[in-house]
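First comes the structure, then the notes that go with it.
Residue numbers (my numbering), protein chains in the order written: chain A, 175 to 539; chain B, 5 to 404.
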C-alpha cells in the first residue's frame with residue numbers, strides 16, 4: 175500500500191516536472207541559438223530583404239489585418255465574404271502578387287490588438303482605418319504607406335436647431351464614444367475656441383446614435399465618414415446636417431511593420447497604382463484599350479516597358495492585375511462609399527489633385 | 005416500507021383540505037389581501053403590462069427581422085464555405101445519433117433534452133428562411149434522432165456503447181470540421197458564429213475537467229512542490245480576468261514562441277479558455293473533496309484499498325456527485341464568457357452579430373441582431389441549467 179502511494183506521488187511529480195522541463199526547453203532553444211541572439215542585438219539583420227514577400231509566396235495568400243465592423247470599410251456580407259473599402263485595398267495586394275484578388279485572409283482585429291498583431295507577424299499588412307500619427311509611425315515600429323482615405327472628425331446636429339458652425343454649439347450636449355481620439359479632439363478644439371459644452375460619454379456608436387435620435391443630446395461627433403454612414407440610417411436623414419468644420423485630421427491607410435523595406439515598397443506602390451490608374455483614366459472596364467498604348471507613361475505603368483515590377487520583386491504586370499481584378503481608386507471608392515451606396519460620400523479631399531482633392535501619385539518610372 | 009407507509013398516513017392525517025385552484029381565489033388571497041398589497045399589485049401590474057406591450061409592439065411591428073433570416077447561415081456557421089457545409093451537417097448527424105442513443109439508454113434528462121433538440125430542428129424545418137438543402141439535412145437529422153433513440157432503447161450493453169461512442173465521435177466530428185489532411189483542410193479563420201462559440205465552450209469545458217481534477221488533487225497533496233505549484237497556478241489564474249488571458253493568448257503568446265512556430269489563433273484562445281476554466285474547476289472539485297467525511301477514507305483503508313483506489317473509486321465519485329450544480333454553473337458561465345473572444349478578433353456569435361450589423365444593407369438593425377443572439381444564448385444556457393436540475397434530482401444530490 176505504501177508502495178503504490180509512492181508510485182502515485184512519483185507519477186504526479188513526473189508529469190509536473192515534465193511540464194516544467196518542456197517549458198524550459200522551449201526557452202532554451204531561443205537563447206541557445208546564436209543566430210537569434212544576433213538578430214536581437216543587430217537591427218540591420220532585421221531589414222533582410224523580402225522576408226515578408228517570401229513568406230506570403232510560400233503561404234499562398236496575404237493575411238490582412240482588417241476591421242469586420244465598420245460600415246463601408248470592412249464587414250461581412252450575407253454570403254459570408256468580407257467587403258468594404260479597406261478590404262478592397264487588401265485585395266489589390268493579392269491581385270498584384272498572385273493574380274487572384276481572393277488570395278487573402280482577413281484577420282479581424284480590435285483597435286487594441288492591431289499593432290501587436292502587425293509587430294508579431296500575425297498579419298502581413300494592417301488595413302484597418304488606422305490614423306497615421308508620428309507616435310504610431312515611430313514608437314510602434316510601423317511604416318505608413320500612402321493614405322487611402324482622408325477623414326476628419328465632424329459634428330452632426332439637427333437642421334431645425336439652426337446651428338451651422340462650431341461657435342453656435344455653446345452650451346450644447348454633445349455625445350461622443352468614450353476612450354477614442356475623438357473624445358480628446360473634441361475637448362481640444364472646444365477649448366481652443368473657448369466654447370463651453372456638456373460632454374455625454376457612451377460606450378459604443380450605436381448608443382450615441384440612439385441617444386441622438388431620441389433627442390437626449392443635441393449633437394454627436396465621430397469621423398465624418400462615420401457620420402455620413404449613420405445619417406443614412408436615421409429616421410429622417412434630411413433633418414440632420416454635418417457641420418463644415420473638421421475637428422481633426424484622420425489620414426487612414428495601410429500599415430506595415432518596420433524592417434522589411436521591400437514589402438513596404440510593394441504595399442506603397444500597389445496602393446499608388448490605383449491612384450495613378452484613375453489619373454490615367456484606366457479602369458477595369460477599359461483596360462483592354464490601353465494595352466499596347468503609344469504613351470510611354472501608360473506603357474511603363476502597365477509593365478510593357480521597363481522592369482518596375484521586377485524592381486519590387488513582383489510581376490511587371492502588377493498594375494494590370496490590380497486594375498483588372500479590383501479596379502482603380504475611383505472604382506473602389508464608388509463601389510463602397512460612392513453615389514450608388516447608402517453613404518453617397520462626397521470625394522472631398524479624396525479626389526485627384528487635378529479635381530480639387532489631394533490624391534497624388536508619384537510617377538511610375 | 006412500513007416506515008414509508010406510516011409517513012404517508014401521517015401526511016394524510018395532517019394534510020390541509022386541498023385548496024380549490026381558482027385563480028380569482030388565489031389572487032384575492034395573495035395579491036389583493038390588504039390595501040397596500042392591492043396598491044403594489046396594481047403598480048407592478050401596470051409596469052409589467054406597459055413593458056410587455058412596448059416590447060411586443062416592437063417585436064411584432066417595428067423590428068425588421070429580415071436581417072436575421074438573410075444572415076442566418078452567418079450566425080450559425082459564419083464563413084464556413086457553402087460547398088463544405090455537408091461536413092458540418094455530417095458532424096452534426098454524428099452528434100445527433102449519439103444523442104439519440106443516449107436518450108434511448110438513459111431516458112430521463114437526455115430524453116427531455118432530445119425533445120428540445122427536435123423542437124429546434126422542427127422550427128428550422130418550417131422556418132421560411134431555411135434553404136431547401138438545409139431542410140433536407142434537418143429532416144435527416146430528425147429521423148436520425150428518432151431512429152437512434154430506438155436503437156439506444158433496444159440494444160443491450162448500451163451504456164458501454166454510449167461511453168465508447170461519445171469518445172469516438174468527438175475526434176470524428178473534429179475531423180469533419182477541420183479536415184486534418186484527410187479531408188481538404190478548412191482554415192480556422194472561417195470557423196465563426198454559433199459553431200465557434202459552441203466549439204470553444206465544449207473544448208474548454210471538456211478539457212478543463214480532467215486538468216481541474218488533477219489540480220484539485222495536487223492542491224490537497226501533502227507533497228510541498230506539487231501542492232504549491234497547484235496553489236500558485238490556481239491563485240494566479242483566478243486572480244486574472246478572462247479577458248486578460250485572452251489578450252495574452254492572442255497578443256503576447258506569439259512574442260514568446262520561437263520563430264517559425266506558430267499556433268493558430270483559434271487554438272490559442274481554446275488553450276487560454278481551458279487553462280482559465282481548469283483553475284475554477286479545480287476549486288470546485290476541491291470543495292467536493294472537502295465535503296467527503298474522514299470516515300470514508302478510513303473505511304476505504306480498512307478494506308485494504310490503496311490511495312489511488314481510494315481516490316478513484318471512493319472519494320472522487322462522491323465528490324464529483326456533490327458538485328454537479330457548481331460544475332454546470334461553471335459550464336454555463338464559460339459558455340457565455342466565450343463571447344469575450346469577439347474583443348480579441350475572433351468571430352464568434354457575438355463577433356458575427358457585430359459584423360452583420362455593420363453591413364450597409366442592414367445598418368441600424370443592431371437591436372434585432374442583439375435580441376436574436378441573446379435569445380440563442382438563453383436557449384442554450386437554459387437547456388444546460390434545466391438538465392443540471394434534472395440530473396441533481398435523479399441523483400438525489402442534496403438529499404443524502
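Here a beta-carbon is modelled for each residue, glycine too, at the ideal position from N, C-alpha and C.
All of these numbers come straight from a predicted model, not from anything done at the bench.
>> By the three-class DSSP mapping on this structure, what secondary structure does residue 120/B have?
In response: helix
>> Does chain A have any CB closer than 8 Å to the CB of residue 77/B?
In response: yes
> Looking at the C-beta of residue 435/A, does it have a partner C-beta in chain B at a distance below 8 Å?
Replying inline: no
> Should residue 370/B be flagged as near chain A, meaning a C-beta pair shorter than 8 Å?
Replying inline: yes
> Residues of chain B with CB under 9 Å from residue 406/A, in chain order?
Replying inline: 364, 367, 368
>> Under 8 Å, Cβ to Cβ, is there at least one residue of chain B near residue 276/A?
In response: no
> From residue 350/B to residue 434/A, what does the alpha carbon distance come to, in whole angstroms?
Replying inline: 28 Å
>> For residue 187/B, list the residues DSSP reports as bridge partners.
In response: 184/B
>> Check whether the stretch 231–250 of chain B and the stretch 354–365 of chain B are in contact - that is, three or more C-beta pairs closer than 8 Å.
In response: no
>> Can you check which of these residues, 116/B, 127/B, 72/B, 143/B, is closest to residue 97/B by C-alpha distance?
In response: 143/B
>> Helix, strand or coil, according to DSSP, for residue 247/A in the structure here?
In response: coil
> Below 8 Å, can you find three or more Cβ-Cβ pairs linking the stretch 194–210 of chain B to the stretch 70–88 of chain B?
Replying inline: yes
> In chain B, which residues lie with their C-beta within 7 Å of the C-beta of residue 416/A?
Replying inline: Within 7 Å Cβ-Cβ: nothing; residue 416/A doesn't reach chain B, min ~16 Å.
>> Just checking: is the beta-carbon of residue 347/B within a distance shorter than 8 Å of some beta-carbon in chain A?
In response: yes
>> Counting only Cβ-Cβ distances shorter than 9 Å, please list the residues of the stretch 489–520 of chain A near chain B, keeping chain order.
In response: 510, 515, 516, 517
> For residue 322/A and chain B, any beta-carbon pair shorter than 8 Å?
Replying inline: no
> residue 334/A: which of 504/A, 404/A, 414/A, 501/A sits nearest, CA to CA?
Replying inline: 414/A
> Does the distance from the C-beta atom of residue 510/A to that of residue 363/B stay below 8 Å?
Replying inline: no
> Residues bridged to residue 318/A by DSSP?
Replying inline: 429/A
>> Spatial neighbours of residue 211/A within its chain, please: C-beta separation below 6 Å, excluding the five flanking residues on both sides.
In response: With a pLDDT of only 36 at residue 211/A, under 50, the local geometry of the prediction cannot be trusted, and the value read off the model is given with reservation. Hits under 6 Å: none found.
> Between the beta-carbon of residue 432/A and the beta-carbon of residue 317/A, is there less than 8 Å?
Replying inline: yes
>> Can you look up residue 39/B in the DSSP assignment and give me helix, strand or coil?
In response: helix
> Taking the alpha-carbon positions, what's the residue 42/B to residue 350/A distance?
Replying inline: 45 Å
> Should residue 490/A and residue 477/A be called a contact, given that it needs their Cβ atoms to be closer than 8 Å?
Replying inline: yes
> Does residue 400/B get closer than 8 Å to chain A when you measure Cβ to Cβ?
Replying inline: no
>> Check this for me: beta carbons of residue 208/B and residue 281/B, under 8 Å apart or not?
In response: yes
> Looking at C-alpha atoms only, which residue of 397/A, 260/A, 522/A is the closest neighbour of residue 355/A?
Replying inline: 397/A
>> When you compare the CB of residue 358/A with every CB in chain B, is at least one pair closer than 8 Å?
In response: no
> By how many angstroms is the C-alpha of residue 371/A removed from the C-alpha of residue 388/A?
Replying inline: 19 Å
> If the cut is a Cβ gap below 9 Å, which residues of chain B does residue 281/A touch?
Replying inline: 193, 269, 349
> Who are the near neighbours of residue 453/A in its chain, counting only those whose CB is closer than 6 Å to its CB and skipping five residues on each side?
Replying inline: 526
> Hey, quick one: how far does the alpha helix (DSSP H) through residue 349/A stretch, first residue to last?
Replying inline: Looking at the DSSP string, residue 349/A is not in any alpha helix (DSSP H); the run it does join, the beta strand (DSSP E), is 347–351.
>> Spatial neighbours of residue 504/A within its chain, please: C-beta separation below 6 Å, excluding the five flanking residues on both sides.
In response: 452
> Would you say residue 390/A faces chain B, with C-beta separation under 8 Å as the test?
Replying inline: no
> Is residue 399/A near residue 246/A, with beta carbons less than 8 Å apart?
Replying inline: yes
>> Is there a C-beta anywhere in chain B that falls below 8 Å from the one on residue 249/A?
In response: yes
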